[in-house]
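First to last, the sequence lines map onto chains A and B. So the first sequence is numbered by this note's numbering: it starts at 1041 and just counts up by one. So the second sequence is numbered by this note's numbering: it starts at 812 and just counts up by one.
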Amino acid sequence: MSKHISSLAPSVVVDTAAARVAVSQMIGRISLRARGDLAAVGQAIGVELPTQIGARAKADGIEVACLGPDEWTVLVSLGQIEKVEDALAALYPSLPHSMTEVTGREVTFTIEGPQAVELLSIGAPRDLSTIKVGQARRMFFDGATVVLWRDAETSFRMDVWNSFASFLATTLETGAKELAAELA
Amino acid sequence: MSTYRVRGKGRVDASKPIVFTFDGKPYTGLKGDTVASALLSHGVHLMGRSFKYHRPRGAIAAGSEEPNALIGTRRSAGRFEPNTRATVQEIWEGLETNSQNKFPSLKWDVGAVNDAAYMMFSAGFYYKTFMWPRSFWDKVYEPFIRAAAGLGVSPTEHDPDTYASRNLYCDLLIVGAGPAGIAAAREAAGKGLSVVLVDENAEMGGSILSEPQAKIEGKTSWDWLSDELADLKAAGVKLMTRTTAIGYYHENLIALVEKLTDHLPTLPADTPRERMWRVRAKQVVLAQGALEKPLVFHGNDRPGVMLAGSAQTYLHRYGVKVGNSPVVVTSHDSAWYAAFDLQDAGAYVQAIVDTRAQVRQDLQAEARSRGIPVKLSHTVTATGGRLRVNNVRVNPLSGTNVGAGQWIKCDALLMSGGWTPSLHLFSHTKGSLAWDDDLTTFLPKDTPEDCVITGASRGLWGTEAALRDGATRVGEALAKLGVEATATEYTVADDRTGSGVMMRELPTDRSPGKAKAFVDYQNDVTAKDLRLAVREGMRSIEHVKRYTTNGMATDQGKMSNINGLNIAADALGKKQPQVGLTTFRPPYTPTTFGAFAGYHRGEHFEVVRKTQIDAWAETQGAVFEPVGQWRRARYFPKAGETMDQAVTRECAATRASVGIFDASTLGKIEVVGPDAAEFVNRMYTNPFLKLAPGKCRYGLLLGDDGFIRDDGVIARVDENRFHVTTTTGGAARVLNMMEDYLQTEWPDLNVWLTSTTEQWSTVALNGPNAAKLLAPFVEGIELTEEAFPHMSCVNCTVAGYPARLWRVSFTGEVGFEINVAAPYGRDLWEKLWEAGQQYDITPYGTETMHVLRAEKGYIIVGQDTDGTVTPADAGMDWAVGKKKDDFVGMRGLKRPDLVAENRKQLVGLLTEDNSWLEEGAQIVFDPKQPVPMTMRGHVTSSYNQGTTGRPIALAVIEGGHSKMGETVYIPMPDRTIAAKITGTVFYDPENSRLKI
């Protein structure tokens, strides 16, 4: 029977001495595309938009990561989505932009533990040391595009499109067990 | 203790005996032994048969370059590996090993008749022998070659082992942990750099492991080695043993294969057998050392004939004498030390035969002091012994004259033709080589990669030279890393340095044409084969190599390339660099498929994408099929049903009442911005500028060339927002194409694209009862013909979830697609499923979807189109906006070929005898024409499970649109089927069923 992963049912994927991987609770997500007067956009959502790709900002429970020259992902609590959407809609006539809710699109894995970086290195071809604590990157992991948030040296969140979740959970589970066996 | 084991020698653990088997017979070795060293400790030299002539063969080397001693190893069911080098495989309690290429036994093999018939098997023999008669190829030659070819036996059982992979970034990667590599690591250690030192052997140290006599910095070499490795480890250097750098790729990407369990008696849990490391190193130091060259003479492949340096390794690393009465034949000083060490270990060296007239006095004095007879200016012309060398024929040389032969008894013959720098990885970097006349070998010159090469792999000889060079050369790499280098000056006492001369085949007094003087042991290529190749017109070493197969075996010509080149160059009368050196290619040593596959095998072979409803389908026993990376429910069989029966039932049930279908995999792109309508209008052939919010329209996407690329329904959500759907397999491609146009052609458009494929779970309801079933769940719109006509869309609430509800149909029935945020899809589906029971709701899969749409003549891009079909060809001119100024592909459609008469056009086919046509079957107009017939088209879709009471088919046929009612023919292997050309709509052509 294949793994079924849903952000409606948070669960622990694997928990070893090397790393713990869990599925997070559903959270509101907005893909935001804009150019021009970014200060106005930041004002509307209540967080100043970072402009360096990979940089993050957070205020009042709203977290933003810059993923491209004109692209941000905005995380908000489910209850706040409407408020943010309304604020952006009000801005649209003066500053056209693209606000697309993608709450359902993604599942987030939390990946933490002493070997979290090594665990990521089994599927991530990029140099993880270049993703500093407090940054986020869109990157490749075992055949899928993911967004990786580094919250501490060995604590990460990984956003993956939901259809990839069960496949990637298998990768993470295999890796966490392999790394734990190495420690033993 | 076995006869050939030397007490007090070697790094094996005498207190830990280990029993393994070879060809069913148990042998006892010591912990630290390889299969080869353990067998040699029992005087067993015969370890296999050669590939072509099935000649008896023994280990010729002691490391991964071994061409002969290839064995099968077995642990348990499925854990069998052919062609393992006995010189590398470490023994463990219970290991089963077997010799290869023998029948019925290793000692008596019928395939050895090839050896007697060797004149038939000369260079190019495949090309010459099997060319004629042509008709023999399939039935005689190819089966024969396939049966005879190949090393060992392929495993037949499923491999239960797991394999892993990891990515690693580091500042400095050092390949080879001999003296040069270790000295390089020492300079780099403790300077804040991430340093990785890898070695393919179980132990680090390289040549130091075979040179315990040396004193490095006042310590014995082995003490120095263990101290140094401990220091490096303490300084944070990552030390990796049993790890082979198999390939050097662009931008300093090096592939390492780490063997994790092949040496362990029991397999630890959750531990892969091998791990592929993809290392991206800022700087690389190559310190791969050098490989000893065999001498080429008649009988140089007999078991017991081996490399002198390897004999030294067996003695010092494993405490094994390879013989009690060896003879040494050499053209290089290094083999003299092998003679001295063996003599000192209790062997009686029968003679040192050196081809050179002049040899260093100190070496001669050492030989004299040990009582070893020395024969300078001598050659070896033959060896004797059936399964093991027992004598050697030695002749004096005087100029080009070869004097009378004298047989010397021996139980091993140790040879050295000098040393070849190991340039494999350097060669992978596209590094250029320079011929060195003094050393008669190629040396590394320039490389485009950030790497330096050091030690014996650039022709240096001796431990001190290697240490100093490693410490110095790494400085270049360190400087580029911004670290100051110090270059430690090492002093080594009792170091062994030396030099030698290059030999081609050793001179002989016998017919060189009959000499079995092997150059490539693994492919059984002899010196005379190489000369024959040159005589038959091969001029480049690349041609000589392919004609003779020299250097083309799994050992990558580690031993044969330079000898082969020297002989070919001599035969051509040219200098070696003018004849050229063949390119080394990865992998450096044979690598398992498992290591390449890593985690990607079995269920994890390839990314599998699943919808949120997939698990429901699984519990219902759905049969799945892959569509791109997705797995989709193909049909839902009830107990005992075949696919045809299930699909027939699903089709009928959907048309009769209501069917439910998971359409979540459809690609979805949100197009947002003031120019959204303009953008969609430019991309698709259909007009979109005037599509009102709340309405949907079918869209056809072409390439620049005018051919159909994709299609889908597009909804205008509001003035500035479109919800575009694409085919399941085309989603990523279409988004890329759109981004390409947006970013490069139309950067002025104020519009953005966001992939929303996975934002939505999409549940499709189709059938006359679809509206009745759905209506009670919907808030915000009435599902009537008036309020919500066909091709409408609305944002509303369905089953309590915010939804984008569309009224569309891909079946010809009343149809709805309900989009809700992906995680809610499963719940929505189950609610509809439950409520649908009163309407006998039937889940259907992709197969039924295909049949129902074909009955309506709706195309599937990629099935009814193949990248050469225009809208007109597909009968879809109606989808092309006639008044549009531009759209992607508009100019392409005007090309003469695309408007030519007689293009292949999509039509329907009904067979005269009601038989089902095979998809892909070719179509002809005249079935009586001679073969080969002129093919006029082919069947693109064909089904017999639909609701029209007869099989239907779609086909592309030359000029098909003007041939309505005509009969065409489909020749099949057993008969020819006649079919009538029809329109493409087989069901409800008036579209009356689309009305609620």
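Positions of the beta carbon are idealized from the N, C-alpha and C atoms, including for glycine. Here the structure is a predicted model, which is why all the values come from computation and not from measurement.
Name the chain B residues that come within less than 8 Å of residue i, Cβ to Cβ?
i: Pro-1136 of chain A; result: Gly-1484, Pro-1485, Asn-1531, Asn-1561
i: Ser-1161 of chain A; result: Arg-977, Asn-978, Leu-979
i: Ala-1080 of chain A; result: Within chain B, no residue comes near Ala-1080 of chain A; the closest Cβ sits about 16 Å away, beyond 8 Å.
i: Ala-1221 of chain A; result: Pro-1079, Ala-1080, Asp-1081, Thr-1082
i: Thr-1113 of chain A; result: The premise fails here: Thr-1113 of chain A is roughly 11 Å from chain B at the closest Cβ pair, so nothing lies under 8 Å.
i: Thr-1210 of chain A; result: Glu-1414, His-1415
Taking the alpha-carbon positions, what's the residue i to residue j distance?
i: Asp-1196 of chain B; j: His-969 of chain B; result: Residue 1196 of chain B is actually Gly in this sequence, not Asp. Cα to Cα, the separation comes out at about 41 Å.
i: Ala-1057 of chain A; j: Asp-1038 of chain B; result: 32 Å
i: Gln-1648 of chain B; j: Asn-1802 of chain B; result: 27 Å
i: Val-1142 of chain A; j: Met-1066 of chain A; result: 11 Å
i: Gln-1024 of chain B; j: Pro-1165 of chain A; result: 45 Å
i: Asp-760 of chain B; j: Lys-1791 of chain B; result: Nothing can be reported for residue 760 of chain B, as the shown portion of chain B is limited to 812 through 1807.
i: Met-1041 of chain A; j: Leu-1236 of chain B; result: A caution first: Met-1041 of chain A carries a pLDDT of 40, below 50, which makes its placement in the model unreliable, though a value can still be read off. Taking the straight line joining both Cα atoms gives about 45 Å.
i: Phe-1395 of chain B; j: Ser-1238 of chain B; result: 6 Å
i: Phe-1180 of chain A; j: Met-1051 of chain B; result: 27 Å
i: Glu-1062 of chain B; j: Ser-1161 of chain A; result: 19 Å
i: Gly-1266 of chain B; j: Ala-872 of chain B; result: 21 Å
i: Lys-1033 of chain B; j: Pro-990 of chain B; result: The sequence shown places Trp at residue 1033 of chain B, not Lys. Going by the C-alpha atoms only, they are around 11 Å apart.
i: Leu-1564 of chain B; j: Arg-1493 of chain B; result: 14 Å
i: Leu-1234 of chain B; j: Ala-1046 of chain B; result: 29 Å
i: Gly-1082 of chain A; j: Ser-1138 of chain A; result: 14 Å
i: Arg-1442 of chain B; j: Phe-1204 of chain A; result: 11 Å
i: Leu-1584 of chain B; j: Glu-1645 of chain B; result: 10 Å
i: His-1661 of chain B; j: Ile-1171 of chain A; result: 46 Å
Could you name the residues of chain B that residue i contacts, counting a contact when the two beta carbons are closer than 9 Å?
i: Glu-1218 of chain A; result: Thr-973, Ala-975, Asp-1081, Thr-1082, Pro-1083, Arg-1086
i: Pro-1165 of chain A; result: Asn-978, Arg-1089, Arg-1091
i: Ile-1171 of chain A; result: Result: empty, since nearest Cβ-Cβ is about 12 Å, beyond 9 Å.
Check the DSSP bridge columns for residue i and list the partner residues they point to.
i: Trp-919 of chain B; result: Paired residues: none, contrary to the question.
i: Cys-981 of chain B; result: B:Ala-1092
i: Arg-1060 of chain A; result: A:Asp-1055, A:Glu-1152
i: Cys-1106 of chain A; result: A:Trp-1112
i: Tyr-1060 of chain B; result: B:Leu-1064
i: His-1109 of chain B; result: B:Ala-1328
i: Ala-1575 of chain B; result: B:Phe-1472, B:Glu-1628
i: Glu-1103 of chain B; result: B:Trp-1230
i: His-1749 of chain B; result: B:Gln-1733, B:Val-1767
i: Val-1203 of chain B; result: B:Thr-1194, B:Ile-1219
i: Phe-1204 of chain A; result: Partner(s): none; Phe-1204 of chain A has no beta bridge.
Which residues in chain A have a C-beta closer than 8 Å to the C-beta of residue i? List them in chain order.
i: His-1061 of chain B; result: In chain order: nothing, as chain A lies at least about 14 Å away.
Taking C-beta pairs closer than 7 Å, name the residues in chain A that residue i reaches, listed in chain order.
i: Gln-1423 of chain B; result: Ser-1046, Asn-1202
i: Arg-1420 of chain B; result: Ser-1203, Phe-1204
i: Glu-1481 of chain B; result: Thr-1140
Applying a beta-carbon distance threshold of less than 7 Å, which residues of chain B neighbour residue i?
i: Gly-1183 of chain A; result: Val-1418
i: Phe-1207 of chain A; result: Val-1418, Val-1419
i: Thr-1214 of chain A; result: Tyr-1410
**OP:** With 9 Å as the limit, tell me which residues of the stretch 1562 to 1576 of chain B have their beta carbon closer than that to any beta carbon of chain A; keep them in chain order.
**Re:** Val-1562, Trp-1563, Leu-1564, Thr-1565, Ser-1566, Thr-1567, Thr-1568, Glu-1569, Gln-1570, Trp-1571, Ser-1572
Original post:
Per the contact definition of three or more C-beta pairs closer than 8 Å, is the stretch 833 to 843 of chain B in contact with the stretch 1449 to 1461 of chain B?
Top reply: no
Original post:
Given a limit of 8 Å on CB to CB distance, which residues of the stretch 1130 to 1158 of chain A reach chain B?
Top reply: Tyr-1132, Pro-1136, His-1137, Ser-1138, Met-1139, Thr-1140, Glu-1141, Val-1142, Thr-1143, Gly-1144, Arg-1145, Glu-1146, Glu-1158
**OP:** Taking a Cβ distance cut-off of 7 Å, strictly less, list which residues of the stretch 1621 to 1653 of chain B are near chain A, in chain order.
**Re:** Ala-1632, Ala-1633, Pro-1634
Original post:
Along the stretch 1185 to 1201 of chain A, what residues have a CB closer than 8 Å to any CB found in chain B?
Top reply: Trp-1201
Subject >> Near-chain B residues of the stretch 1055 to 1073 of chain A (beta-carbon distance less than 7 Å), N- to C-terminal order >> reply: Met-1066, Ser-1071, Arg-1073
Original post:
Are three or more beta carbon pairs between the stretch 905 to 920 of chain B and the stretch 884 to 896 of chain B nearer than 8 Å?
Top reply: yes
Subject >> Chain-ordered residues of the stretch 1389 to 1417 of chain B with a beta carbon less than 9 Å from chain A >> reply: Gly-1409, Tyr-1410, His-1411, Glu-1414, His-1415, Glu-1417
**OP:** Mind the definition here: the stretch 980 to 989 of chain B touches the stretch 1026 to 1033 of chain B only if three or more C-beta pairs lie below 8 Å; say whether that holds.
**Re:** no
**OP:** Decide if the stretch 1701 to 1708 of chain B is in contact with the stretch 1741 to 1756 of chain B; the criterion is three or more beta carbon pairs, one per stretch, under 8 Å apart.
**Re:** no
Original post:
Is the stretch 1325 to 1332 of chain B touching the stretch 1102 to 1121 of chain B, taking contact as three or more C-beta pairs under 8 Å?
Top reply: yes
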